[in-house]
Structures are given as structure tokens and as C-alpha cells.
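Note that the protein sequences, when read in sequence, are chains S and Z. Using UniProt numbering, read the first sequence as starting at 1 and increasing by one per residue. Using UniProt numbering, read the second sequence as starting at 1 and increasing by one per residue. Everything below concerns the one structure shown next.
Number of protein chains: 2
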Amino acid sequence: MTGPLGFDVDPWSLGLTGVDVDRLAHRESLFALSNGHIGWRGNLDEGDPRGEPGSYLNGLFEERPMPYAEEGYGYPEVGQSVINAPNGQIVRLLVDDEPFDVREGTLARHEQRLDLRAGVLRRDVEWISPAGRAVRFTTERLVSFTHRSIAAVRCVVEPVDEAVRVTLQSDLLANEGLEDVHHDPRVQDALERPLEPVAHHARGGAATLLHRTRRSRLGVAVAMHHVVERAGAAAPSVSTDASDDLARTTIVAELEPGERLEVVKLVGHEWSAELAPATLRARAEAAVDDALRDGWTGLAEGQRTRLDEHWACVDVEVEGSPRLQQTVRFALFHVFQSAVRLELRSVPGKGLTGKGYEGHTFWDFEAFVLPVLTSTLPEAAAQALRWRHATLDRARERARHVRLGGATFAWRTIDGRESSGYWPASTAAFHVNADIAAAVLHYVRSTRDIAFEREAGLEILVETARLWRSLGRLDPDGGFHLDGVTGPDEYSALVDDNVYTNVMARRNLEGAAAVARRHPDVAARLGVHDDEIEAWEAAAAAMVVPFDERRGVHPQSARWTEQARWDFEGTREDEYPLQEHFPYVELYRKQVVKQADLVLALLFGHDAFTLDEKQRDFAYYEPLTVRDSSLSAVPQAVLAAELGHLELAADYLAEAATIDLDDLQGDADAGVHLASLAGVWIAITAGFGGMREGEDGLSFAPRLPPGTTRIAFGIRVHGRVLRVEIEPERSTYRLEAGEPLSIRHFGDELELTAGEAVSAPTPPLEVRGERPTQPRHRAPRPFREALGDGA
Amino acid sequence: MTGPLGFDVDPWSLGLTGVDVDRLAHRESLFALSNGHIGWRGNLDEGDPRGEPGSYLNGLFEERPMPYAEEGYGYPEVGQSVINAPNGQIVRLLVDDEPFDVREGTLARHEQRLDLRAGVLRRDVEWISPAGRAVRFTTERLVSFTHRSIAAVRCVVEPVDEAVRVTLQSDLLANEGLEDVHHDPRVQDALERPLEPVAHHARGGAATLLHRTRRSRLGVAVAMHHVVERAGAAAPSVSTDASDDLARTTIVAELEPGERLEVVKLVGHEWSAELAPATLRARAEAAVDDALRDGWTGLAEGQRTRLDEHWACVDVEVEGSPRLQQTVRFALFHVFQSAVRLELRSVPGKGLTGKGYEGHTFWDFEAFVLPVLTSTLPEAAAQALRWRHATLDRARERARHVRLGGATFAWRTIDGRESSGYWPASTAAFHVNADIAAAVLHYVRSTRDIAFEREAGLEILVETARLWRSLGRLDPDGGFHLDGVTGPDEYSALVDDNVYTNVMARRNLEGAAAVARRHPDVAARLGVHDDEIEAWEAAAAAMVVPFDERRGVHPQSARWTEQARWDFEGTREDEYPLQEHFPYVELYRKQVVKQADLVLALLFGHDAFTLDEKQRDFAYYEPLTVRDSSLSAVPQAVLAAELGHLELAADYLAEAATIDLDDLQGDADAGVHLASLAGVWIAITAGFGGMREGEDGLSFAPRLPPGTTRIAFGIRVHGRVLRVEIEPERSTYRLEAGEPLSIRHFGDELELTAGEAVSAPTPPLEVRGERPTQPRHRAPRPFREALGDGA
């Protein structure tokens, strides 16, 4: 059974048979491996053909010029782009004198499989060379969860029917020649060969390359070592050469039928802005030496153990839709591996699966991914939030530069410096600061990590609260307004009183005040005195949330609902995404929503709106929301579920879950959409689970997606694990260990004790209003069609 | 008597003694000569030292890339930059073997004088070479008003006391090496050597260079010819050489005391996108041959005759302030010479006096300069409006591209294609279209040029009216709104219902309807039917002009007055202009006005506001207007005068008049501010003259600037000339010829008959309200101080 794009359907893996050379880049993104420090795209081992080679180290980037047709004060002059670290993936195979290439000879078998329990990407090839020599070539690849700097490849070559001479060329390749990096030749210049060689070393089956980026001056060391674990009767020959940009170990073996050549390649990666080359080299080589002791078996066991532990706590089980089961686990796997070994870094919008968005991290990490990490992998959430804290000096400097108070975090960045080239949709999108603050508050509430709150959290809250105070204005009636900002929806900009921004800023101000009062010693150290705290509370209390009395709905921003409505009927299907066919000047002045904005406020600020308001707002915005962004379907799924539109919620869930598998946005070549994948978990837990988190703890209102018979999910809270099981007639809650926990089920309080399952019945579904409609051509696919398994 | 920056005070010239090498660029702009086709900056004849060499041909430009840090739909990809045509100004002098250089030897005398009646720039030098040889070197230079393609230089060299050998090297120099053309290397590449050599010719005392621009593919031919009109006893030797980028005629003479070498250099210029090189060459040489028949004397007489005629009709006479007299004539001279020989071209923001704004023309040409041309040089106004008409196809294409109806003219351009790199302050500034429409309506009303109205005017009105209809939206109460536009004030952007835009668009719609009804045959040819005309009328009638009831003033745009007020008290003097010290994100969301916007509406839409509204609006906006743009002082002057604040009006008049002479904006190096210079005429006629033009003809309410005793000005109307003379107690109107004309004087109708002066008394001054204040550090200089002559 295969899904729409040819992947088979399996609860614990994603498999693909055959090679479609034109779609390689897409598959490389899906099959990418990562641990949050290293990212290896799923390139074919032999390096060619390829979609886009990718071997990334989180935080390793090059600077590039930012060109402007017309300059303006405060425009960033230096941009940042992710670059490829020296690539250790490559293992080329020669059979006799013929190089293995999937486009030549006969490919009798070709299967790739990402194993979501083993944490390994496997490939199984049977190839008959143009000269008629048949070999079986199997590889396994991992990016280690237990050895942060290590990625590894295990290759096995076996003759099928007659003796062959087999050569493996295993490379470390730096500065791979890429074409069309950027259409601006200055940027192209900066990024084409970003690595300056510093040194290279080779010895036995090992080698190390040392480089430095030309402009950002970051050092990078990549070391490799080969273990020929078993072979035929004759010992294979092994030799290694290194030059500036290439180290190569060549292994040659004569194999009789029944014999095999088995090689394990261990690759260690280090980079640093400060360390000396000799230190970097030593660390990369030490990582390899350390991994050598574990060997392939140890590394692979480490993967499985770490994943077993993860799945045991937070796996999402789906019964009744095998494809939904698969896509949900695929999504959670990518979220997990994007962050499991984070150390004081953020996660880019594409994780480490591609160079999309230039490797930048955006607000949607804190808004969509970080809450999921907080609930499933809290130690990674802490690392990411501590990274934001580490960029506070840059955020303060940016605020000073744009003449504001407090701190304003970068809209898009790798190292914390603002790297946006279009200020109306970046500098003005101040909500990123409230999103970070919300992530801080949620993390602390979920984890009770008071050390973090004192060391980092409060300072983030204080500086962002200061920003809002400096941004706001009081009207003559005492209302507090935020003018001239941009909300999440990128088809509007520079608006007044964006509801999402104001609601989130209010929470930011309230949170800063509450936490400052909780830690007066830390607050005092940050220069916070009572009058400032009171001013935050006053601003929060006076925050204006506009409401359109005439239409009975919240406008996305002040007077937004008075604008002309977009001509959806006159817009052709091929004119989406609109931003590629219409100028901002048209988009900005009309009622058309790229991505949930007011509806996102209904989700993230759920307690600020009545159910009745949610119903009217959702009904109003659904026909205006075109979902030209991958950040839209998830909040729409949650609101649809909350209002009882379970089919619609399932449609949006399916869209979020298949966005990369089915390449719905046409850009998965450049990496997966991590926020959308994280959103799958949100759509299930907050959407179908009805899970909300507030001052009074967790509440649930569980429902099943139509056609499914059981869904179970887990959530980490206060160091405990809560498993929730949804069945048609009832839900069951089970606290795995720890102190008792009080939750609510459809408003009823349930007291949970460790190890004891508590069930409660599902009340009849209340559907609020008609199922809302979407703009012409923009309704989501029905989930049964999207999932392709009659779910 | 000299003014603040060292220019002497003379009613008919601008003179300067000595050379300040650090301020050369500024003086080159002031001393620039032009005829609307050719522009020669006032560079020293010998080419060095120089501020910025300038020899421009109106419409000759090179294309250049437009870089963006983040791309967007509809962003122009190709920019346009004015370039230097091969430079024919240069005449280098050698005295014996020593090159004349103002920085070497002894400069016993150095005077430059721009003669506003003769239309000639004179230079008078006495130089003692380092070897002690003394010569007198006088040059005169003109850009011909009678021979459109011709500029000429007359040089005279005389030994002072002993015999010398004198060499004149007269150059045509192409692709002069400029430094720092642009900080973007791609733009630098495009503009550094923009001219490809095509051919060169030399014969006798003549030469021609033929070039083509590399990207824009425009051909340019420049020819020169030398006439050695008189010399010493021994005939001078004359030889000419030419190569790709340089043609040089060398004239050597041995001169005894009392003898002199006199050389006239004629330079002919042609450029074209279509003509073959041979044709271009032929035309440039024919222009020179034609000018040869007139000789220097004939050319100089042509200048004076043309200016005599101009001054006789439209000179502004000022008594009681010699410096105001001089600055006003200087301003009018620049306006005249910027346009007198226009042929289907516009006038750049800097005229042809410098490469500021890349040689682009903007809305302020139609808004500020064109009305002055219409009233003083109407044939030039027609040429400029016909040029806009000729760009209609590009404006229609641009409208289609940005998904709008009708046509949207380029915000900044040389050839009609949009060349703006920042859309919020260009594409969104749709008012340019209404400004052009207003210029059409004013031109036709003033000239009764019905042929123009039928051939060009109506089509402009129709296509711009269509634009407004496609831009607007109707509210549920039937009001017509223009959302998401940018008005004249560049410290606000993307606002709703900008009052200036709405008032001007309303006039545009009304005008299109009225003119279409007047010429139903032309309208039908343009596809205009009655229902479309009625729709324009309906939109105009329903146009919303927002009003702030709470504050009793018009907001600059909807709800603008609700924004936070800029912190003027906390802004240091050195933080102006604000855009160089604050980001747009701060400027846009606060009440701070770069340049008159609502106040410009009060001027251009004067009949849409009551006097009481004007008083309250002006009092409200004065304290918010920082005049970081040269386009601000003039409308402020007019409104101040209308409200009886004559001292303030005089302060603003003085600011407009001295903006370049005193380099108030610090950028006169790159050319004069033509709109501000034209605005001097507006400040005098509309401001102190109280002149308004409406459906019922011209009205006046004349007052004198404090300290002046008499002002007289002339205006062309319906082919006639009306002279207005303001004295303290009365004004006198005199129609020079033609049909009788009815005007109003302080509301009283006066019937004027040709040749008969009609006087009427000046009623007592009514001052409306307190003199408004300006932001701290931004009050205009008192006019007596600005004019430096105790006026």
C-alpha cells in the first residue's frame, strides 16, 4: 500500500521504492537525519545524482551582503546564510572499473527507508553494472543522538553471482561547487566557496579537514575514520589522501560470491567562533575516537534506546487510519531529531533538513515548535530558550538602534543579529517578542524550571515588556495601543492594534510583572522597580483589543474588517500563492489572510475570547484565509475542532501532516516545514484532544477525527508523563509517575494519581454553526483523500 | 555687498569672487546652464579641480540592476541613472609649459558670474603661473535657447605684461572616470563607463565622438568645432585628434602684450534610441554648422532676446529687498532654462544641473514646476505633459502588472518605466496620478489648448480616473475610500483615506468626467461610455474626506491624529533629517510630518476647505512639520499668507528661495531643487499675491512681504499676459493685450481691458489666530536673517 506520492504506508517507517531523479531534492528533505547539532540531508551515498547536497552544522553560517535598491535607516547590512559543512556522507562505489550510478546499468532493486524507531536511514540496492556485474549495496546511516558530534554510515557490498573487484571511495568534501546559490552576484560570491582551507590531515583510514568561513570567521573541523569490519578472504587495501577541500579513503576488495565488504564510516564535526584550529581538530577527532569504542552497533543501539524512551512517553497512537498514524509519527520524529542535542541554539524553520529560508530561525519556532518541545522534550526547549537569552545583548542593541526601549529579538537570524531585508514584515512584526515571552511562560509553567526562570526567563520577560511600553501609546480615554505593527498574517502590514499582537503583548506584560514579583531579587538586579512593574500591569490592563460592533467580530487589526474584500471569485487557482502574482500594495489594503492571525489569537490567547466570539470570528475569517503559508492549517484545525467541525479539523490536520510528504507548498525540496510538523502534534492534542493550558492547569475536551477509533498521546508536565487515550465513548487519563495531578475533562475536574487510569465519558458533540467555507480553490483536501487510505 | 555664502547681491546676476575648492560642487550646481535638452554644470573650464563633472542630455540614461535583500512581486528589476554625455565644456590652458590650475601659481583675480538677462556664465581670471607669467583668461559659456543642440564657450587669453606662448586644449571627453558612483558594485559596474565607443572623427578644428550606452542602447553623438576669431600677429596653429573617448583640438599661439587669442567652441549634441550612428553624427554636425553661421555674437544675442521676451512678461520685481529680488530672479531663471527647449521630455527633480535623484523626474515636477511653466512658459508645459502622455502605454502596463485598472504613472523615472526601489513610498504613492491630472486640467484651463486636451489630456484623465475607480472601495454607507496609499508626507505610508490623495483624486474623477463630456467623440474612441462617466462622478461625489471631530481638524489620513505625537522636545538638532536617524517603523506610526501633506491639500485643493478649517488645520500641522523635504516650505508659505501670518510666510519664502544658494539641505552639490525654486514663484503669486485659480477664473488677495515696498509679477493666461503690481495701499492689474479678462480682487470682480491699468485698494489685514509654532529646532530662519540684507 503506497500513499499519493509513492511512499509506502507503515506505522513506524517511511519507505520508498525506486529512484525518481527529478524528485531527489524532495526525498532528501524527508529522509534527512539530524540531532539538532548535525544535519545530513538524505542524499544518495554516492553523491550523484543529487537534488541539493546538505551537511549542516547548527549555527555554522556565512555572512553575505544585503543589497537594497533604496537604503533606509536601520536596514541590516549583513545577512547570514547557512552553508554546507565539509560533507562526510559520500561513499562512492566502483564495481570493477564502473562507478555505481542509479542512472546507469540496471537498478534491479532500490529501496530507502527511514526507520522511526531505529533512528536510521537504510538503503538497499541491487545493481547490475553496464558490464553486467551484479552487486548488492546496502547502507545504513545515522546522526547520533548519543554522540552529539557524530554521524555514521555503514556500507555492505556483496557480489550477487560472480566475483567482482569492489572499490569504495569515502569522501570528506568541502566547498562543493553549487550553481545558482543566489541571483545577486555579490551574494553568490560570498556563498559560492565560503570555506577557506586551514589544514588537512590523513593517516591510515582516517582524515581531518580544517576550514574557516571567509567572512563570519567561524572555524570548522570534520574528521572521519573507517572501520573495515569484515571482508572477503583477501584483506582489502585501505589508503587515505587529503588535500584542501577533499579527504578520501579508498578501500579496494576482491569479493567472491558469498563474501562481502563491510565498512563503517564515522564522521565527527566541530565548529566554533573562538576555538583554535588545533583544538577544533582535537575535538572532532576525539568525538570519532569516542564513537569508535561504541562502533556501529553501539551507535545504533543508542539511537533505538533514546527513541524507545521518547516514544514510550509521547508517542501518538492512531487507530483507524494507518496513513495518519505514519504521518504523525514522521512529523514527531522530525521534531524530535531537530532538537534532541541542541546546545544553546535555536532550530531553523527547516530544521537541519535543507537550506530553505537560508537556515534562519523565525518566530514560528517559538510559537509552534517550542511548545511541542516543552511538552515532549523539555530539555531541548530549555536549550533553545537559553539561546534566545544569550542573544539578548544583540536584541537590546537592535532596540536601541531602531530607537525603542528594552529588547527586540531578530525576526530572522542564525546568530541573533537581525537578517531581514524587508522591514514591514520583520522589524515591524514585533509579535516575535511576545511569542518568545509566551514560550518562556509556557515552559516554566510546564516544567517548573525555576533556575531557568531566574537565570534567563525573567530577563527575557523584562526586556520584552520594556519594548511594549516604549512601543505603545495611550489614547485620551486611557486605552493602550500598539500602532504601526505587523501581525502574523503577511498579507497585511503596518497596522494598528493587531489583535494577535495586543493579546500576546498583554500576556507578555502580565507575565513580566508576575515573574518579577515572584523573584524580586532578580528583578532588582535587572533594574526593575515597583513602579515599572505597576506600569506593565497598567499597560496590560489598558490594552485595547478592537472589536467590530457592526459585524460582531474581532477585526484582525483596527478597522481591518472595513477594507475591501479580496476578489476570491475572480482569482484563478494558478494565481496562488497570491504574493507571487499580486503586489503587496494590493494585498495589504484588502481583506485577505495569508495565514491564521486573528484565528491564531483565538488559539494562543484562548482565554481572552468567549466561545461565541470564537464561533463568529472563525466563521468570518475562514472565507478570507487562503493558507499561502504552512503556518495556517494548524490553528485552523484547532479552532474547527473546538467549534465541533471535526471533519474540517481533520482536513486541516491532514494538510499539516502531509505538507512535506505531498509537497503541498512546492518547496519541500529546500527542507521540511518544521512548524507545520510540530503543528500536527498541536492539532491532535489541542485540536482533537481539546487540550488547553492555563493558570489553573491542563484541561481537555477530547474527540476523535472522523473514521478513527482511538488516539492516544502523551505529554510531559512538571517532570511527569500524562498519557491520554481518546476513544469514541470515553477518554482515559493515566499519570505515569510522580505527584498527583488535577486536570479537567469537558470542564469536570479529575484528580489523577500515578499509575492509575481515570476514564470519563465523552459528552455529545455540539457543533457551533455551519461548517465555514474557504476561498474558492482554497478549501483543504478532504482528509480521506489527503491521507489516501480511506481513513 | 555679499550674501551669507559669499555671493554678491545684484538684481540681475549671481556673482562670486575667488575659488573655494571644497565647495566647487555646490557652485557648479548654481552656475549650471541648461536649455531643457542640454545641461552643463558650472565646472571650471579646465576640468580640474572639480566637484562633479556634469554634461547631461535630457533623457540620456543607462540602465542598472535594482538589488533587493528580499524580492517581491512587482518590484522593478531595472533602474535608470542619468549619465554624463561626452563632455564638451573642457578648455585647458597652458601658459608656456605650465598648465593653468587655480590651485597653483597666483590667482590674482577669479570671478564667476551667471548673468540672468544675458543667459551666459562668465568667468574672469588673472593668473600668474608658477614661473611668473601673467595672463588674463576670460571665458563665456552658454547653452543655447535658440539652437537646441548647441552649447558654446568663448575663451580669450591675453598676456598681462610680457609675451607668452599660450596653448588651449579643447576636449570632448567621454567616460570620465568617476569614483564612488554607487556603493553597490553591480550598479557601479553598470555606470562607471556607460558609453561604448562607436566611432570618432577629426578634421581641422572639428571632431565628433559617437557612442552607445551599453545596456539602454541609446546612441549619442557630440560634435565640436572651433573658431579662432582673432589672435596675435602670428597665426595660431590648430590641430585636432580623436580617439574612442577623447577628441582634442590644440591651439597654440605666441602672444605679445596687447595681443589676444580668442577662440569660440561650438558643441552640438544629439542622442536617440532609434537613429543610426551616421544620422546622429550628421545631426550633431549640422547643428554645429548651423550655429557657426550665427557665431558667438548671434548665439549670445539669441540668449538675450529670448530672455528679454521672457522677463518682459513674467519677471518678478521686488522693491525693498535686493537679496529677495536676486534670489527670486535666480529661481525663475533656473525654472526657465530647465524647460525652455523641452521636446517631449520631462524635467528631472534637479533639472539638468546635477545627478541627484539619478536624474529622475518625480511627482513634484507636475505638482510644483509645471503650474509655474503653465503660467510663464506654457509651450514647455505642453511638451512635458505630452511626454507623460507618451508614457501612457508604460503606465497602463504598470497598472496591469500591479493588478490595477487604467494607468499608474511612474513614481520616479527617466523614460516612463517605474524605477523606484521602495514601494511603500512609490508604488503606493498613487497621488502622482492625480497630480498629473491636476496639471492637465490647470494647463488646459490656463491656455485653452483644446488640441492638447483632445490629443493627450483627455486620455491621461480617463486612464487615471480608471485607476482611482479600481483602487477605491465603497463602504456600507456609500462612502468612497482609498485605502493603503501613501500621501506626499514620506514620514507616513500605507494609510487609508489620505486627505490630499482623496481631494486630488476627486478632482481627477470630476475632471475626467467633465472633459469626457466635452469631447464625446474622443471619449468614445477611448472606450468611455456614459455609464463610466457617471461612475466617475458618483465616486467623486462619494469620496470620503476624513475629519477628526474630537480635535476639530482634518487628519492627514484616517485616524492619523490619533497616533502618538513625535517627541520633538527630545529630538536633538543633529538628529534631523529624521529619516537618517530613525527607522520608518518609528516615523510611520507617529504624528510627525516630513513635508506638507494636509497643508498641501489646503493649497492645491483650496476650494474644498473653509477658511476656518484652514486656520485650524494649519495651526495643528505647523507644530508637527519638520520640513526634512524641500517641498514643504512653499505650501506652508502660501497658507501662512492666506491666514495673515505674513512674517511666517516671508520666512518660508526666504527658505525656498535660499535652499540652494545657502545649501540648506546640504545636498545642492548634486543639483538645484527645482521644485523649491519654482515654488518661489508660487509663494509670491499664490502666497503674497493670494492668487487662486478656479472654475470662475483668477482671484487675488495681494499683500506685501514685510519690509518690501512693491512687488510686481506677470502671468500668462489664455495667451495673454497679466501683470500684477502690489503696493502697500493698493494693487494694480494690467492686461497687456488680447480679449478682456475678469478677475477678482479680495472677492470683488474687476474687468480688465488690454492696455488699461486697474487699481484696487488693499483691505486691512486680518490675521487668523496666533502665529503657529514649529517643532523645536525646526522653525524657519527669520527672512531678514536668511536674506542677509535687512529686508
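Using N, Cα and C, we set each Cβ at its ideal position, and we do this for glycine too. Values in this document were obtained by computation on a predicted structure and should not be read as measured data.
Under the 10 Å beta carbon count, Pro-348/S is surrounded by 16 or more other beta carbons and is classified as buried.
With distances taken between CA atoms, Val-328/S lies nearest to Leu-661/S out of Leu-661/S, Leu-741/S and Trp-566/S. The three-state secondary structure of Trp-411/S, taken from DSSP, is coil. Along the stretch 576-587 of chain Z, the positions whose C-beta sits under 8 Å from a C-beta of chain S are Gln-579, Glu-580, His-581, Phe-582, Pro-583, Tyr-584, Val-585 and Glu-586, read in chain order.
Assignment of Gln-80/S by DSSP, reduced to helix, strand and coil, places it in the strand class.
Secondary structure at Lys-594/Z: coil, using DSSP grouped into helix, strand and coil. Listed in chain order, the alpha helix (DSSP H) runs fully inside the stretch 146-202 of chain S are 185-192, counting runs of at least 4 residues. Straight-line spacing of the CA atoms in Ser-338/S and Ala-439/S works out to 18 Å. By the C-beta density criterion, Leu-611/Z is exposed, having fewer than 16 other C-beta atoms within 10 angstroms.
Look at Gly-719/S: its C-beta is not under 8 Å from any C-beta on chain Z. When C-beta distances to chain S are compared with 9 Å, the residues of the stretch 420-449 of chain Z below that value are Ser-420, Gly-421, Tyr-422, Trp-423, Pro-424, Ala-425, Ser-426, Thr-427, Ala-428 and Phe-430, in chain order. As computed with DSSP, Trp-127/S is found in a beta bridge with Leu-107/S and Val-135/S.
By the neighbour-count criterion, in which a residue is buried when 16 or more other Cβ atoms sit within 10 angstroms of its Cβ, Pro-424/S is buried. Every beta strand (DSSP E) stretch that sits fully inside the stretch 262-347 of chain Z and reaches 3 residues is listed by chain position as 317-319. With a beta-carbon spacing of about 6 Å, Ala-380/S and Val-340/S fall inside the 8 Å limit used to define contacts.
Tyr-588/S places its beta carbon less than 8 Å from that of Gly-484/Z. For Asp-184/S, the nearest CB of chain Z lies under 8 Å from its own CB, placing it at the interface with that chain.
Within 9 Å of the CB of Tyr-68/Z, the CB atoms of chain S belong to Pro-67, Tyr-68, Ala-69, Asp-184, Gly-421 and Tyr-422, in sequence order along the chain.
About 5 Å separates the CB atoms of Ala-505/S and Ala-434/S; that is less than 8 Å, so the two are in contact. Identification of residues in the stretch 636-659 of chain Z having a C-beta nearer than 9 Å to some C-beta of chain S yields an empty set. The residue from His-519/S, Gly-605/S, Ala-493/S and Ala-649/S with its alpha-carbon nearest to that of Gln-591/S is Ala-493/S.
For Gln-563/Z, the closest Cβ of chain S is nearer than 8 Å. It is roughly 15 Å from the alpha-carbon of Val-21/Z to the alpha-carbon of Arg-109/Z.
Here the stretch 116-128 of chain Z makes no contact with the stretch 181-199 of chain Z; the two share fewer than three CB pairs at distances below 8 Å. Rounded to the nearest angstrom, the gap between the Cα atoms of Glu-490/S and Pro-583/S is 12 Å. Chain-ordered listing is empty here: chain Z has no CB closer than 7 Å to the CB of Val-220/S, the nearest sitting near 26 Å.
Residue-level contact by beta carbon holds for Val-402/Z and chain S, with a gap shorter than 8 Å. Assigned with DSSP and collapsed to three states, Val-522/Z falls in helix. Residue-level contact check: Asp-483/Z touches chain S, since one or more beta carbons of chain S fall below 8 Å from its beta carbon. Between the stretch 34-45 of chain Z and the stretch 342-358 of chain Z there are three or more inter-stretch CB-CB distances shorter than 8 Å, so the stretches are counted as touching. The stretch 195-204 of chain S makes no contact with the stretch 24-37 of chain S; the number of CB pairs closer than 8 Å stays below 3. For Gln-80/Z and Tyr-68/S, the gap between their C-alpha atoms comes out near 15 Å. Between the alpha carbons of Asp-651/Z and Leu-765/Z lies a gap of roughly 18 Å. Counting along the chain, Arg-394/Z sits inside the alpha helix (DSSP H) bounded by residues 392-401.
Within the same chain, Cβ atoms closer than 6 Å to the Cβ of Phe-700/S are found at Gly-689, Gly-690, Met-691 and His-745, the five residues on either side in sequence being excluded. Excluding five sequence positions before and after Ser-426/Z, the CB atoms of its chain that fall closer than 6 Å to its own CB belong to Trp-411 and Ser-420, given in chain order.
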